[in-house]
């Protein structure tokens, strides 16, 4: 019961009767971004309370005044101790903490991918059975592509993630439970009591009051500048600066600079800089005091009145508070005769200030780690367009050793330039060495490769320790390519093995000097073409053996000079034929012999000998077979394949254009990629490379002429004869042909910038060619705003409950989107305009059934569309969808549900394509 002061403290623990324990004393510490701690000194007539009925059980402390509840604190018992036993009473000590405290008992290492901070926090809370939590978020918090909890407790990870995202949390208490609330702005604070400043001449009956209040200001950093780096925009600084408010009482030259800022995009950089500044200045202007108001707690603000310093009579939010209560009557004759008392000491900041916690020390990876390269089933090599790979870390117990085990991880190469360098992609199953930039577990990079017991070296060791080997393995087949160096003295060797072809292209000279023998064994043909001269000097013998025919074709003259003899032995025939004459000249003797007959010419005369000699007496000349040689086959050309044009994401192009710095240098053998639009004042666009001539590699293009400023502009293409700028006309053009361009821009997909500029010019969003990326973006945003305005002018459609949209989620490139849409409870944000239909033909593998709540933003285009009366409902950008239900085609109620959907006439032919039906709600 309450004493003369009207105060009373009661406690209820687990299923124990309320009379089991009485409160003798309590101390409660509370603060933003920390679990509260309640310590209770209790007394009981029972000397043997069962510890199992107390530990890890719910507990609530109630503070009463004149029979009215002033404060409730609910939590779980984290510690219980039995103390001294007196004549009637046994003393007990009990500590109570919030359910959030349980997160401090589990240490873990895990990876979160493609999830927003609130989604990550929800997962951790739910895994500990905490379902009573809320998010009061005013600002947008970007999805985290890769977020690692590394060798830290769940609570430490929650505190670190919350601090980095600028979130603060507090507890709200209701009957028998407490709620954790995460917020990012002071607007989420709840209103507390109005407390007057008591100079000492008023009593508690006149209401709760503040009996002491101290005001304090401190010099803190005046501004924050954060900087980071993104490989996607290497020329862009990614630097963001924020300047503090209320700097009138200090210098403005105390800058806090830090690198890395732990962000890769501008929106996150701006937010992180503001969060850091708020945290560094969270105690620049503070107050502290004492009061008798038990209702004060973090997460609310109170109004101070009647203070002699009128500037302090304003709203203050509680950042920390320590409550103390004494109830000596609970100990009966052992406790003395003092009254029940309560007081607190608090720390506050102005209610208009968004308080943020300082960033706790993040875990560091102390040195490189081992990981395994992973990928989808059936693949041997799995990488993205940058040559990055997916990894499975030994400490990741949640990974499945597939393409979802990690984000894409950068791979260090031995040399990396602008479309030159070396490239060796780690393959699935390879063990790699992973380093972490700045020791940050969120930033892994593959820096090495290692063999292990399964992946053995290509040659047995140490028997072949003198060999340096580069051996590859045939992809999706048997075989390998190899370059090997043998360094054993007396056995030095360079060995090359090609599983199929060897192609060499030398742009200038090739010189061979072989100091001993050269042996070549060709199992098929050898084809050679020499476009100029061929010189061969053999200082010893030259022996050729041809087992078939030998064809020699000389377009000019054939000169032969022999130091001694020319000896020809033909098994059947020797035939010489000349178009004009044949001259045979011998210094001593010339003989023609057939059988026993011969003609001999020598210095002594001409001798004819034969069985008979005929002179003009008939007969006929013999004939030869004639020339039947064949022309040689020309070899095929050996060309180095030109690398594909470098493609850069739109934000990278924008940042490059703003800084006028190049993002990549192009290989001279490759045709240049499509250039971004030439803005006035920027570098000239190089001309296209000359056409590739058959028979050889292309040559580097000549240097482009320097163009005068403004030259070479492409005339704007007029898309319409009338300039259109009104919101309804912007919407009409969007529905005709502008939707692809606009949605690709909003979704950060590739699009034709030349076409975009032409469209903006024809619509009068630009008066001339843009001179910077910011001018281009402003025009695009104005175009988007007009489409939004045109859409907002259309009337609502209250008669519709559902609309439909088909998706092709089974495409590999949509794996991340598929994961979002197939997780019940997930929130999916559409950055572009979303087109839907009140009736749906069965197309694609997934059908979205979209539930329409009252006041949704979708509008039927009808006559506002280019094609009048079109049955299309269009939703504005940033529409949020919650996944409510996923029904597979294998489910028993799939067909029943599908039959309830209105369809167009051609629906039955395409219905079999659908593999899943997903129900979502517009938020």
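Residue numbers (this note's numbering): 4 to 926.
All C-beta atoms, glycine included, are put in the ideal place defined by N, C-alpha and C.
Quick caveat: nothing in here was measured; it's all calculated off a predicted structure.
Residue 447 is bridged by DSSP to 439. Taken atom to atom, the span from the alpha-carbon of residue 585 to that of residue 601 is near 19 Å.
Residue 854 carries a strand assignment under DSSP once its states are collapsed to helix, strand and coil. Ranked by Cα distance from residue 56, the options 84, 33 and 70 are led by 84. If you look at residue 157, you'll find it in the alpha helix (DSSP H) that goes 157 to 167. Closest by C-alpha distance to residue 422, out of 123, 755, 389 and 395, is 389. Distance between residue 44 and residue 159, taken at the CA atoms: about 29 Å.
C-alpha of residue 256 to C-alpha of residue 230: approximately 18 Å in a straight line. Here the alpha carbons of residue 405 and residue 378 stand approximately 5 Å from one another. If you look at residue 68, you'll find it in the beta strand (DSSP E) that goes 61 to 68. In the three-state reduction of the DSSP assignment, residue 293 falls in the strand class. According to the DSSP secondary-structure assignment, residue 849 is paired through a beta bridge with 810 and 919. Annotation for residue 120: the continuous alpha helix (DSSP H) segment containing it runs 120 to 130. Annotation: the continuous beta strand (DSSP E) that includes residue 327 extends over 318 to 329. Residue 223 holds the alpha-carbon nearest to the alpha-carbon of residue 259 among 223, 371, 826 and 294. Residue 278 carries a helical assignment under DSSP once its states are collapsed to helix, strand and coil. Per DSSP, residue 795 is one residue of the alpha helix (DSSP H) stretching across 776 to 795. Minimum Cα-Cα distance from residue 182 among the listed residues 174, 188 and 189 corresponds to 174. A distance below 7 Å separates the beta carbons of residue 119 and residue 144. The Cβ atoms of residue 605 and residue 592 sit closer than 7 Å to each other.
Put simply, the segment 486 to 496 touches the segment 454 to 470. At least three CB pairs are less than 8 Å apart.
DSSP places residue 491 in no alpha helix (DSSP H); its state is neither H nor E. Residue environment analysis places residue 465 among the exposed positions, since fewer than 16 neighbouring C-beta atoms fall within 10 angstroms of its C-beta.
Secondary structure at residue 897: helix, using DSSP grouped into helix, strand and coil.
Per DSSP, residue 230 lies in no alpha helix (DSSP H) segment; the continuous beta strand (DSSP E) that holds it begins and ends at 226 to 230.
Taking residue 790 as reference, the option from 286, 211, 749 and 506 with the minimal CA-CA separation is 749. An exposed status is given to residue 597, since fewer than 16 other beta-carbon atoms sit within 10 Å of its beta-carbon. Beta-bridge partners of residue 181 (DSSP): 176. For residue 600, the three-state secondary structure derived from DSSP is strand. About 6 Å separates the beta carbons of residue 195 and residue 299, which is inside the 8 Å limit, making them a contact pair. In the three-state reduction of the DSSP assignment, residue 378 falls in the coil class. Between residue 46 and residue 330, the C-beta gap is not smaller than 7 Å, which leaves the two residues out of contact. In this structure, the CA atom of residue 170 is about 25 Å from the CA atom of residue 826.
Under the three-state reduction of DSSP, residue 735 is assigned to helix. Residue range 756 to 765 is occupied by the alpha helix (DSSP H) that includes residue 758. Ranked by Cα distance from residue 157, the first of 103, 192 and 148 is 103.
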